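Residue numbers (this note's numbering): 70 to 185. In this text, a Cβ means the ideal position worked out from N, Cα and C, and glycines have one as well. Predicted, not measured: the structure shown is a model, and the values here were computed from it.
Set out below in structure tokens:
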């Protein structure tokens with residue numbers, strides 16, 4: 070198996086400048102991870118989010134991440150006061166949101182809701 074066929078997709082970094090195009094104008098489901106490099110719980114969940122992004126079960130979901138330190142306008146727009154915060158968008162609308170590190174089962178349950 071070639072390396073390219075093993076990779077489904079990864080987590081796309083987005084900024085204040087690219088958020089509307091990559092998230093709000095996207096036709097399908099988008100899972101957004103608001104994080105900071107210095108955040109311990111963010112570091113704990115990052116490998117899990119990467120793993121979920123590459124899981125074929127979630128190939129219809131676009132995974133993106135927003136660094137709240139470099140995209141403070143977005144953090145304010147979506148009232149991100151705790152990190153990590155995760156949001157699900159469908160056709161530009163927020164359909165789910167939760168904060169804090171969770172286990173894989175929790176994330177999978179939320180992704181199923183997002184895809185429904």
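Which listed residue (the options) has its alpha carbon closest to that of residue i
i, options, result
"residue 182", "89, 87, 157 and 169", "157"
"residue 106", "128, 122, 136 and 132", "136"
"residue 84", "174, 138 and 170", "138"
"residue 173", "86, 104, 92 and 122", "122"
"residue 110", "146, 100 and 155", "155"
Assigned secondary structure, residue i (DSSP; H/G/I helix, E/B strand, else coil)
i, result
"residue 80", "coil"
"residue 122", "helix"
"residue 150", "coil"
"residue 109", "helix"
"residue 75", "With a pLDDT of 45 at residue 75, under the threshold of 50, the modelled position of this residue cannot be trusted; read the value that follows with caution. Residue 75 falls in the helix class under three-state DSSP."
8 Å CB neighbourhood of residue i in its chain, flanking five on each side removed
i, result
"residue 94", "161"
"residue 117", "173 and 176"
Spatial neighbours of residue i in its chain, beta-carbon cut-off 6 Å, leaving aside the 5 residues before and after
i, result
"residue 159", "98"
First through last residue of the alpha helix (DSSP H) which encompasses residue i
i, result
"residue 180", "173–184"
"residue 90", "Per DSSP, residue 90 belongs to no alpha helix (DSSP H) and is neither H nor E."
Between the CA atoms of residue j and residue i - distance to the nearest angstrom
i, j, result
"residue 119", "residue 80", "6 Å"
"residue 108", "residue 152", "7 Å"
"residue 166", "residue 125", "23 Å"
Residue interval of the beta strand (DSSP E) (run including residue i)
i, result
"residue 104", "98–104"
"residue 170", "Looking at the DSSP string, residue 170 is not in any beta strand (DSSP E), and its letter there is neither H nor E."
"residue 130", "130–136"
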